[in-house]
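Working notes, beginning with the structure itself.
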Amino acid sequence: MARQKGIIKLLGTVGDITFYKAKEGFLAREKGGVDKSRIMNDPNFQRTRENGAEFGRAGASGKMLRTSIRGILLNSADSRMVGRLTREMVKVIQTDMISERGDRNVINGDLSLLKGFDFNINGKLSTTIYAPYTTTLDRADGDVIVDIPAFVPINMINAPSGTTHFKIEAAASDVNFIDGSFNVSTADTGILPYDSVETSAISLATTLPANSTEPIFFVLGVEFYQEINGEKYVLKNGAYNALQLIEVDQV
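Under this note's numbering, the sequence shown is numbered contiguously, ending at residue 1573.
Shown next as structure tokens:
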């Protein structure tokens, strides 16, 4: 890897040199590696092809999950979330004890490994909300509920500087990892003042189709706001909003 100098910066490939932009600036490196056609056909690269297939499947599965909760995820994800989620999906795929290597998938793997995944590494739920909560999931009725007893916001929520208000939100989704279809239901508290006045008991109820046979994912999060001249704005573009996968139920 070499750093590009000069006024004009290059992007692309010239001969055996590839020019590209990274966090470190404009860089250049010599083209290398094994020819793609050899990787795709040479028996010596069978393991590579299998790993590649499963990695691609992990990425696609992560995208399906993200899409299912996109409405609640938009303001609560860090810049490296996609890669982090893909790595966790790879771990799920590796627990598939049914399929042959290269054909392993998340459906036959242990999706409960995703429980506790924070979509924003800069705002982890466990260090943001200290108020206790319980979850209830009833597949027969399709009800997915989180209950939070009354609490004092400034004592039980670790909010970033400048916070005047907050909102707790939840989403439940069931995802078909074969065709990418999903159902999703969301609930939230509405925007509440961040102060020393005790809240009422909170019950966030979401509803999915009854008797779903798909994996069910339940996320809980908090968004922070700052009130200026009567208007409430998402604080620091959501940099510290927390969102965690708190429950995974797999048939």
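Just so it is clear, CB atoms sit at the ideal spot from N, CA and C, and this is done for glycine as well.
Every value quoted in this text rests on a predicted model; they were computed, and no experiment measured them.
Element boundaries [alpha helix (DSSP H), containing residue i]
i: N1477; result: 1475-1478
i: I1394; result: 1392-1395
i: I1415; result: 1403-1415
CB of residue i within 7 Å of CB of residue j, strictly
i: R1371; j: N1427; result: no
i: N1397; j: E1545; result: yes
i: V1468; j: T1457; result: yes
i: G1464; j: T1529; result: yes
i: A1375; j: G1438; result: no
i: A1276; j: A1472; result: In the structure as shown, the chain starts at 1323 and stops at 1573, and residue 1276 therefore has no counterpart that could be examined.
i: L1436; j: L1349; result: no
i: N1505; j: P1531; result: yes
i: G1484; j: L1557; result: yes
i: F1441; j: M1403; result: yes
i: T1340; j: R1351; result: yes
i: D1510; j: I1538; result: no
i: E1455; j: I1443; result: Checking the sequence shown, residue 1455 turns out to be Tyr, not Glu. Not a contact, by the Cβ cut-off of 7 Å.
Extent of the continuous beta strand (DSSP E) run through residue i
i: T1457; result: 1456-1460
i: G1543; result: 1538-1550
i: L1277; result: Within the shown structure, residues of the chain are numbered from 1323 to 1573, placing residue 1277 beyond reach of any answer.
i: S1507; result: 1504-1510
i: F1341; result: 1339-1344
i: D1571; result: 1564-1571
i: K1489; result: 1487-1497
i: L1526; result: 1524-1529
i: D1465; result: 1465-1470
Buried versus exposed, by CB contacts within 10 Å (16 or more), residue i
i: M1411; result: buried
i: A1344; result: exposed
i: N1477; result: exposed
i: G1445; result: buried
i: N1559; result: exposed
i: I1415; result: buried
i: V1466; result: buried
i: G1543; result: buried
i: D1460; result: exposed
i: E1346; result: exposed
Whole-angstrom distance between residue j and residue i, CA atom to CA atom
i: M1419; j: L1433; result: 13 Å
i: I1394; j: N1498; result: 19 Å
i: R1409; j: T1389; result: 17 Å
i: N1533; j: S1383; result: 22 Å
i: S1525; j: A1561; result: 26 Å
i: F1540; j: Y1342; result: 39 Å
i: G1431; j: K1413; result: 9 Å
i: A1399; j: N1563; result: 8 Å
i: D1501; j: T1486; result: 42 Å
i: R1392; j: N1480; result: 24 Å
i: K1554; j: T1521; result: 19 Å
i: G1381; j: G1512; result: 33 Å
i: E1569; j: L1333; result: 44 Å
i: D1496; j: S1421; result: 23 Å
i: A1462; j: V1573; result: 12 Å
i: N1401; j: L1407; result: The question names Asn, but residue 1401 is Ser in the sequence shown. Going from the Cα of S1401 to the Cα of L1407 covers about 12 Å.
ask   = If we count Cβ pairs, one from each stretch, closer than 8 Å, do we get three or more for the region 1434-1451 versus the region 1513-1521?
value = no
- Item | Validate contact between the region 1547-1558 and the region 1490-1499 using beta carbons, cut 8 Å, 3 pairs | no
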